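*Asks:* Sharing a structure, written as structure tokens. Questions coming.
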Amino acid sequence: MPVTLDPQADAVPPQPSALFAKAAQALSRHGIWRFVRALIPTAASLAIQFAAFAITARGLGIEEFGRYAVILGLAAIGLELVGLGGADLLVRGVSRDRSQAGPLFGQMLTLIALSLPVVTLLGWWIATAHLESSIAPSLILVAIAGELLIGRIASSTELMMVAHGDTFLAACVRFCTAFVRFLTAAIYFSLGKLLEGWILAAFAQALLLSIIYVGLAAYRYGRPRFSLKFQHWRDGLAFSANQTARASQSNLDRVILSKFATDAVLGAYSAGSRFLQLGLFPLQVVTRILYPNFFVHGEKGIGAARAYAVRCLPALLAAGIGGGLAVAVAGYFAPTILGQEFAASRHFSMLLSLCMPFIALQYLAADTLTGAGFQHIRAVVFGVAAIAFGLIMASGAALGGVNGVLAALIGAHAILAAILWAIAWSIQDDKATI
Numbered sequence: 119m120p121v122t123l124d125p126q127a128d129a130v131p132p133q134p135s136a137l138f139a140k141a142a143q144a145l146s147r148h149g150i151w152r153f154v155r156a157l158i159p160t161a162a163s164l165a166i167q168f169a170a171f172a173i174t175a176r177g178l179g180i181e182e183f184g185r186y187a188v189i190l191g192l193a194a195i196g197l198e199l200v201g202l203g204g205a206d207l208l209v210r211g212v213s214r215d216r217s218q219a220g221p222l223f224g225q226m227l228t229l230i231a232l233s234l235p236v237v238t239l240l241g242w243w244i245a246t247a248h249l250e251s252s253i254a255p256s257l258i259l260v261a262i263a264g265e266l267l268i269g270r271i272a273s274s275t276e277l278m279m280v281a282h283g284d285t286f287l288a289a290c291v292r293f294c295t296a297f298v299r300f301l302t303a304a305i306y307f308s309l310g311k312l313l314e315g316w317i318l319a320a321f322a323q324a325l326l327l328s329i330i331y332v333g334l335a336a337y338r339y340g341r342p343r344f345s346l347k348f349q350h351w352r353d354g355l356a357f358s359a360n361q362t363a364r365a366s367q368s369n370l371d372r373v374i375l376s377k378f379a380t381d382a383v384l385g386a387y388s389a390g391s392r393f394l395q396l397g398l399f400p401l402q403v404v405t406r407i408l409y410p411n412f413f414v415h416g417e418k419g420i421g422a423a424r425a426y427a428v429r430c431l432p433a434l435l436a437a438g439i440g441g442g443l444a445v446a447v448a449g450y451f452a453p454t455i456l457g458q459e460f461a462a463s464r465h466f467s468m469l470l471s472l473c474m475p476f477i478a479l480q481y482l483a484a485d486t487l488t489g490a491g492f493q494h495i496r497a498v499v500f501g502v503a504a505i506a507f508g509l510i511m512a513s514g515a516a517l518g519g520v521n522g523v524l525a526a527l528i529g530a531h532a533i534l535a536a537i538l539w540a541i542a543w544s545i546q547d548d549k550a551t552i
């Protein structure tokens, strides 16, 4: 019989380096490689932040941690009021025109400087006049100021890097923020256990790192050109109101519970909710990468932004479900990590993990509205939602204590996700205003 020669029989097999290059090219084409590069330092920062949280909780003890958690919750709610949306205006402007980086950088810093003292004093007044915190008023002021400063400067630096396409560098900044806090906690709690001393140490660390971040941004992207464009303020306030409302959903539960629960119960619940906040990192990595693209697609109308959101839906849902599973698993080991006095945190964190898929759906629908020019609708929805969340959780606390708050929080997140998608789908293209 004639022998048929296979033309591929003597072909040189592909080298491992060539296979790796093709795999990287395929991953890059689908945006996965970019996600992986950003996820690595972010996952590292997640681990470091968790370690810092564990050291702080164990060092303070459950009751002192409960008191401190209320102050942190107030700072987290007020954080997005600092800067009045200047960082989001920078992302929108730089995503479309890189030459606007200098003026928008200067405007962002100016708005931070003007709003930080006001928001700090507002948080201090709420804590001292309405929550009757047992922490000294002067220390409450220092704690809130430090958390607001590092929170706003760090996140603004990250957003500036994302606007320039430096998502990996932005993730590195997040890692650095977590690592410095971890290092501060490790050193302090090896020497002392007092809440008062920890507040002062955390403030010093926040001030120093904030100065470094501003210098880094100026070195990499150019010095800020200070200005205030009042015509942008309405959009900036809309961004700020929206983010403040979102922060309220994640932190108002602790503030409300401070009126209904003991310090020990509040400490256990706050530890459980901290697991939930750590589980948001995968979602934040994905949304930070996708966020500028919504403005690009949104220029073509909300139909194009919706189509892009649908394409992104599997990735966001996967991140939400994965984050929820991570929260549940981490929460299961809460007593081992934090100590047996935090045993109740296991129950709280595992139930809170059910919120994660609904939060993922909220992010996607909300960014669709923002990218298509409907930020003001998004701000109104989240503003109403913040009030509704507060009322629902207060009712849940009054009727069912901590478990009532948990049920109310999960249900409210599901309802908000459905409302946002319904609004994003009902708006017609001819109503888009960029």
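Heads up, the sequence shown is in my numbering, so the first residue is 119 and it goes up one at a time.
Cβ coordinates follow ideal geometry from the N, Cα and C atoms, glycine included.
It should be emphasised that the depicted structure is a prediction, and the values quoted were computed from it without experimental measurement.
Ordered along the chain, which non-local residues of its own chain (more than five positions away) have a Cβ less than 6 angstroms from that of G269?
*Replies:* The residue you call residue 269 lines up with position 151 of the sequence shown. Within the same chain, G269 has close Cβ partners L197.
*Asks:* For my contact list, G489 and G416 are in at a C-beta cut-off of 8 angstroms; report their separation, rounded to the angstrom.
*Replies:* Counting from 1 along the sequence shown, the entry for residue 489 is found at position 371. Counting from 1 along the sequence shown, the entry for residue 416 is found at position 298. About 3 angstroms; that satisfies the 8 angstroms criterion.
*Asks:* Rounded to whole angstroms, how far is the Cβ of I230 from the Cβ of G201, which I believe are closer than 8 angstroms?
*Replies:* On the sequence shown, position 112 is the one that residue 230 refers to. On the sequence shown, position 83 is the one that residue 201 refers to. Indeed they touch by this definition, with Cβ atoms about 5 angstroms apart.
*Asks:* Apply the 10 Å Cβ neighbour rule to Y186 and answer buried if 16 or more other Cβ atoms are within range, or exposed otherwise.
*Replies:* On the sequence shown, position 68 is the one that residue 186 refers to. Classification for Y186: buried.
*Asks:* Counting only the same chain and skipping the five closest in sequence on each side, list residues whose C-beta sits under 7 angstroms from that of G501.
*Replies:* One-based indexing of the sequence shown puts residue 501 at position 383. So the qualifying residues of the chain are A359, A363.
*Asks:* Give the secondary structure of A144 by DSSP, where H, G and I count as helix, E and B as strand, and everything else as coil.
*Replies:* Within the sequence shown, residue 144 is the residue found at index 26, counting from 1. In this prediction, A144 scores a pLDDT of 41, lower than 50, which makes its location untrustworthy; the coordinate-derived value is nonetheless stated afterwards. The answer is helix: DSSP assigns A144 an H, G or I state.
*Asks:* Between K311 and the rest of its own chain, which residues show a CB-CB distance below 6 angstroms, the 5 nearest in sequence each way excluded?
*Replies:* Residue mapping note: residue 311 aligns to position 193 of the sequence shown, counting from 1. Contacts found: G177.
*Asks:* Does the distance from the C-beta atom of C430 to that of L482 stay below 9 angstroms?
*Replies:* In the sequence shown, residue 430 corresponds to position 312, counting from 1. In the sequence shown, residue 482 corresponds to position 364, counting from 1. Going by C-beta atoms, C430 is nearer than 9 angstroms to L482.
*Asks:* Between G421, V383, T405, which has its C-alpha nearest H465's C-alpha?
*Replies:* Your numbering for residue 465 matches position 347 in the sequence shown. The shortest Cα separation from H465 among G421, V383, T405 belongs to V383.
*Asks:* Comparing C-alpha positions only, which one of L479, A170, A478 sits nearest to T295?
*Replies:* Position 177 of the sequence shown, counted from the first residue, corresponds to residue 295. T295 has its Cα closest to that of A170, out of L479, A170, A478.
*Asks:* Looking at I271 and A193, is the spacing between their C-beta atoms short of 9 angstroms?
*Replies:* Residue mapping note: residue 193 aligns to position 75 of the sequence shown, counting from 1. Residue mapping note: residue 271 aligns to position 153 of the sequence shown, counting from 1. No, the Cβ-Cβ distance between A193 and I271 is not below 9 angstroms.
*Asks:* Exposed or buried, T174, counting other C-beta atoms within 10 Å across all chains shown (16 or more means buried)?
*Replies:* Residue mapping note: residue 174 aligns to position 56 of the sequence shown, counting from 1. Per the 10 Å Cβ criterion, buried.
*Asks:* With three or more beta-carbon pairs closer than 8 angstroms as the criterion, would you say the segment 207-224 touches the segment 364-380?
*Replies:* Verdict: no, contact absent.
*Asks:* Count the other CB atoms, across all protein chains shown, that sit within 10 Å of the CB of R341; report buried if there are 16 or more and exposed otherwise.
*Replies:* Locating residue 341 in the sequence shown gives position 223, counting from the first residue. So R341 ends up on the exposed side.
*Asks:* Where F413 and R292 are concerned, what is the direct C-alpha to C-alpha distance, given to the nearest angstrom?
*Replies:* Start at 1 with the first residue of the sequence shown, and residue 413 comes out as number 295. Start at 1 with the first residue of the sequence shown, and residue 292 comes out as number 174. Taking the straight line from one Cα to the other gives about 24 angstroms.
*Asks:* So what's E250 in DSSP terms, helix, strand or just coil?
*Replies:* As a first step, residue 250 is located in the sequence shown; it is residue number 132 there, counting from the start. Here E250 sits in coil by DSSP.
*Asks:* Counting C-beta neighbours from all protein chains within 10 Å, is the total for F451 16 or more, i.e. buried, or is it exposed?
*Replies:* Your numbering for residue 451 matches position 333 in the sequence shown. Burial call: exposed.
*Asks:* Excluding sequence positions up to five away, which residues of its chain have a Cβ less than 6 angstroms from the Cβ of Q167?
*Replies:* In the sequence shown, counting from the first residue as 1, residue 167 sits at position 49. So the list reads A296, once near-sequence residues are dropped.
*Asks:* Please state the DSSP three-state secondary structure of L259.
*Replies:* Counting from 1 along the sequence shown, the entry for residue 259 is found at position 141. It is helical.
*Asks:* Taking C-alpha atoms, which residue in L327, G514, G184, L524 lies nearest to L313?
*Replies:* Taking the first residue of the sequence shown as 1, we reach residue 313 at position 195. Looking at the Cα atoms, G184 is the closest of the given residues.
*Asks:* Between S463 and A386, how many whole angstroms is the CB-CB distance? I'm expecting something under 8 angstroms.
*Replies:* Position 345 of the sequence shown holds residue 463. Position 268 of the sequence shown holds residue 386. Right, their Cβ atoms sit about 5 angstroms apart.
*Asks:* Terminal residues of the continuous alpha helix (DSSP H) containing H282?
*Replies:* For the purposes of this step, residue 282 is taken as residue 164 along the sequence shown, with counting starting at 1. No alpha helix (DSSP H) contains H282, which DSSP labels as neither H nor E.
*Asks:* Just checking, does the segment 283-292 make contact with the segment 223-243 on the three C-beta pairs under 8 angstroms criterion?
*Replies:* No, because fewer than three Cβ pairs between the segment 283-292 and the segment 223-243 fall closer than 8 angstroms, the two stretches do not touch.
*Asks:* Using 8 angstroms as the cut-off, can you tell me whether the segment 468-477 makes contact with the segment 531-545, which would need three or more C-beta pairs spanning the two stretches below that distance?
*Replies:* Because the criterion of three Cβ pairs below 8 angstroms is met, the segment 468-477 and the segment 531-545 touch.
*Asks:* Please list, in chain order, all residues of the same chain as Y306 whose beta carbon is under 8 angstroms from its beta carbon, the five residues on each side excluded.
*Replies:* Residue mapping note: residue 306 aligns to position 188 of the sequence shown, counting from 1. Around Y306: G177, G315, W316, A319.
*Asks:* Among F344, L277, F399, which one has its Cα closest to the Cα of S213?
*Replies:* Residue 213 sits at position 95 when you count from the first residue of the sequence shown. Residue L277 is the option with its Cα nearest to S213.
*Asks:* With distance defined between alpha-carbon atoms, name the residue in G457, R216, A512 nearest to G390.
*Replies:* Indexing the sequence shown from 1 puts residue 390 at position 272. It is G457 whose Cα lies nearest to the Cα of G390.
*Asks:* Express the C-alpha separation of L401 and L538 in angstroms, rounding to a whole number.
*Replies:* The sequence position of residue 538 within the sequence shown is 420, counting from 1. The sequence position of residue 401 within the sequence shown is 283, counting from 1. So the two alpha carbons sit approximately 17 angstroms from each other.
*Asks:* Decide if R216 is buried, meaning its Cβ has at least 16 other Cβ atoms within 10 Å, or exposed.
*Replies:* On the sequence shown, position 98 is the one that residue 216 refers to. Its Cβ having fewer than 16 others within 10 Å, R216 is exposed.
*Asks:* Quick one: give me the first and last residue of the alpha helix (DSSP H) that I545 is part of.
*Replies:* Locating residue 545 in the sequence shown gives position 427, where the first residue counts as 1. Where I545 is concerned, there is no enclosing alpha helix (DSSP H), given that its DSSP letter is neither H nor E.
*Asks:* What number of angstroms, rounded off, separates the C-alpha of V520 from the C-alpha of E265?
*Replies:* What you label residue 520 is simply residue 402 of the sequence shown in a count that begins at 1. What you label residue 265 is simply residue 147 of the sequence shown in a count that begins at 1. Straight-line Cα distance between these residues: approximately 26 angstroms.
*Asks:* Roughly how many angstroms lie between the CA atoms of T285 and I158, to the nearest whole one?
*Replies:* One-based indexing of the sequence shown puts residue 285 at position 167. One-based indexing of the sequence shown puts residue 158 at position 40. About 11 angstroms.
*Asks:* Quick one: Cα of S544 to Cα of Y426, how far?
*Replies:* Indexing the sequence shown from 1 puts residue 544 at position 426. Indexing the sequence shown from 1 puts residue 426 at position 308. Approximately 16 angstroms between the Cα atoms of the pair.
*Asks:* Distance check for Q395 and L145, CA to CA, integer angstroms please.
*Replies:* Taking the sequence shown and counting its residues from 1, the one referred to as residue 145 is at position 27. Taking the sequence shown and counting its residues from 1, the one referred to as residue 395 is at position 277. Bear in mind that the predicted position of L145 carries a pLDDT of just 38, short of 50, making it unreliable; the figure below should be weighed with that in mind. Their backbone Cα atoms lie some 28 angstroms apart in a straight line.
*Asks:* Quick check on this structure: which residue in S376, S467, F378 has the alpha carbon closest to the alpha carbon of P453?
*Replies:* Working through the sequence shown from its first residue, we reach residue 453 at position 335. The candidate whose alpha carbon is nearest that of P453 is S467.
*Asks:* Straight-line CA distance for T228 to L234?
*Replies:* Position 110 of the sequence shown, counted from the start, is the residue given in the question as residue 228. Position 116 of the sequence shown, counted from the start, is the residue given in the question as residue 234. Straight-line Cα distance between these residues: approximately 10 angstroms.
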